[in-house]
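Step one of this worksheet: look at the structure below.
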């Protein structure tokens, strides 16, 4: 009698322990696959000290991604002139999708048209799913979304996910930049030019306080220029 | 009624005459500068068809290129705005800045500010042809102009 009671208690304890450990081990397994999937995370760096405001990036983007006139996926915002004639200069900063890790546009999208590509962290739009409600346009703190007049769907920079990246090329803006002010790369690759530059330079991201975790970095322009 | 018609015809006639005479005027507007004595030799490379040839501006070749002086003997004080010429950028641009104030050209195009002492006006602008090729460039062409100088090796 006593033996069977002890036996019962033992086996129950073992069962409880087994049940409680099982999900833990499953989490472990999941975490492993998670790491495998997330070893690619694209980001971009705009070196404002090198930017000359030529808008070659804007035009290249328009051409490659077939962005109609009147709207744009990226723009270069100009401020200035600073200083006195004839030694004047301007500042340029890139205005485009920041590819937030916690993207408000994705969170508000009722149809799932706005999504984050789990393979590479690119925030993108499935035009077929978009119903044009414009919630994402309102939600985006960076004000980079617009309704494409041709597809009538929300549109924005997707690091050329559908165009140049598929052909193993750099995004159109990066290819077009004459001064190499734009650098595109994988944040998870410590050998990439992007990560090297991020480590070597003080960089900034916009509206970090919102907790969106944006992935468009910038090296802010210093006053004047370096004369060698 | 017939009087009204007659008045209408008259006004149309007067208007068309006025237009024609104006047209004729604009056609001859470059005549003065191209009758300059310089044109006796510089027939081929001297013709001036651009904005600056307008009669109203009363410009002559010497307005920009300076007085004849020793020319055609060398050395002379004539100003030649080609790239090979060893005039300093400031001297070249000083000629244009006699009339075009930095403030006004900055309003027209921001790039004037940043290139003020680094690039000569004639690197981008051509005054002799009928229209300046740099004016009215599309977005793509104008960024290509920047690219010509600003490209770094990859």
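Chains as they are written, first to last, in the working numbering: chain A, 1 to 228; chain B, 1001 to 1154. For glycine and all other residues, C-beta sits at the position ideal for the given N, C-alpha and C.
Rounded Cβ spacing between residue i and residue j (contact assumed at less than 8 Å)
i	j	result
residue 56/A	residue 177/A	6 Å
residue 229/A	residue 1035/B	Any answer about residue 229/A is impossible in this case: the structure gives chain A only from 1 up to 228.
residue 1092/B	residue 1121/B	7 Å
residue 1049/B	residue 1125/B	No, residue 1049/B and residue 1125/B are not in contact; Cβ-Cβ is about 14 Å, not under 8 Å.
residue 180/A	residue 121/A	Actually they are not in contact, since the Cβ atoms of residue 180/A and residue 121/A sit about 23 Å apart, beyond 8 Å.
residue 124/A	residue 158/A	4 Å
residue 141/A	residue 220/A	Not confirmed; about 19 Å, so no contact.
residue 1079/B	residue 1066/B	5 Å
residue 1060/B	residue 1033/B	6 Å
Nearest-angstrom Cα separation, counted from residue j out to residue i
i	j	result
residue 148/A	residue 137/A	12 Å
residue 97/A	residue 144/A	6 Å
residue 197/A	residue 51/A	16 Å
residue 208/A	residue 102/A	11 Å
residue 1151/B	residue 1096/B	28 Å
residue 1094/B	residue 1116/B	11 Å
residue 45/A	residue 99/A	12 Å
residue 1027/B	residue 1047/B	In this prediction, residue 1027/B scores a pLDDT of 48, lower than 50, which makes its location untrustworthy; the coordinate-derived value is nonetheless stated afterwards. Rounded to the nearest angstrom, the two C-alpha atoms are 15 Å apart.
residue 43/A	residue 154/A	21 Å
residue 1149/B	residue 54/A	11 Å
residue 1042/B	residue 1123/B	22 Å
residue 1075/B	residue 1058/B	28 Å
residue 135/A	residue 1098/B	55 Å
residue 1138/B	residue 59/A	10 Å
residue 17/A	residue 11/A	10 Å
residue 1107/B	residue 87/A	16 Å
residue 1087/B	residue 172/A	40 Å
residue 119/A	residue 4/A	54 Å
residue 193/A	residue 199/A	10 Å
residue 174/A	residue 1089/B	33 Å
residue 65/A	residue 1109/B	28 Å
residue 217/A	residue 170/A	17 Å
residue 68/A	residue 127/A	15 Å
residue 1023/B	residue 1039/B	For residue 1023/B, the predicted model reports a pLDDT of 47, less than 50, meaning its position is unreliable; a value from the coordinates is still stated below. Roughly 25 Å separates the two Cα atoms.
residue 1044/B	residue 1077/B	22 Å
residue 40/A	residue 130/A	26 Å
residue 14/A	residue 117/A	42 Å
residue 1083/B	residue 1100/B	21 Å
residue 150/A	residue 132/A	12 Å
residue 1118/B	residue 1111/B	11 Å
residue 92/A	residue 20/A	56 Å
residue 1153/B	residue 61/A	21 Å
residue 1064/B	residue 1031/B	18 Å
residue 105/A	residue 210/A	13 Å
residue 79/A	residue 165/A	31 Å
residue 85/A	residue 139/A	42 Å
residue 48/A	residue 1147/B	17 Å
residue 1145/B	residue 1004/B	58 Å
Continuous beta strand (DSSP E) stretch holding residue i: start and end
i	result
residue 186/A	182-186
residue 1050/B	Per DSSP, residue 1050/B belongs to no beta strand (DSSP E) and is neither H nor E.
residue 124/A	123-125
residue 135/A	Counting along the chain, residue 135/A falls outside any beta strand (DSSP E), though it belongs to the alpha helix (DSSP H) covering 135-139.
residue 44/A	42-47
residue 116/A	114-116
Element boundaries [alpha helix (DSSP H), containing residue i]
i	result
residue 221/A	No alpha helix (DSSP H) holds residue 221/A; DSSP gives it neither H nor E.
residue 1068/B	Element bounds for residue 1068/B: n/a, residue is neither H nor E.
residue 176/A	172-176
residue 1089/B	1089-1097
residue 1108/B	1102-1108
residue 1143/B	1139-1150
residue 1111/B	1111-1115
residue 199/A	193-200
residue 1032/B	1031-1034
residue 104/A	104-108
residue 57/A	56-64
Bridge partners - residue i, DSSP secondary structure assignment
i	result
residue 155/A	146/A
residue 77/A	93/A
residue 1128/B	According to DSSP, which records beta bridges pairwise, residue 1128/B is partnered with nothing at all.
residue 216/A	44/A
residue 82/A	89/A
residue 98/A	Looking at the DSSP assignment, residue 98/A forms no beta bridge with any residue, so it has no partner.
residue 204/A	218/A
Proximity test, residue i beta-carbon vs the ligand SAH heavy atom, cut-off 7 Å
i	result
residue 1080/B	This structure lacks the ligand SAH; in fact it carries no ligand of any kind.
| query | Is the stretch 1133-1140 of chain B in contact with the stretch 1053-1063 of chain B, if contact means three or more CB pairs nearer than 8 Å? | reply | Counting Cβ pairs under 8 Å, fewer than three are found: no touch.
| query | Can you find at least 3 beta carbon pairs, one from the stretch 203-212 of chain A and one from the stretch 63-77 of chain A, that sit closer than 8 Å? | reply | These segments do not touch.
| query | Counting pairs of beta carbons, one from the stretch 177-189 of chain A and one from the stretch 104-114 of chain A, are three or more of them closer than 8 Å? | reply | As far as the Cβ criterion goes, the stretch 177-189 of chain A does not touch the stretch 104-114 of chain A, which means the pair count is below three.
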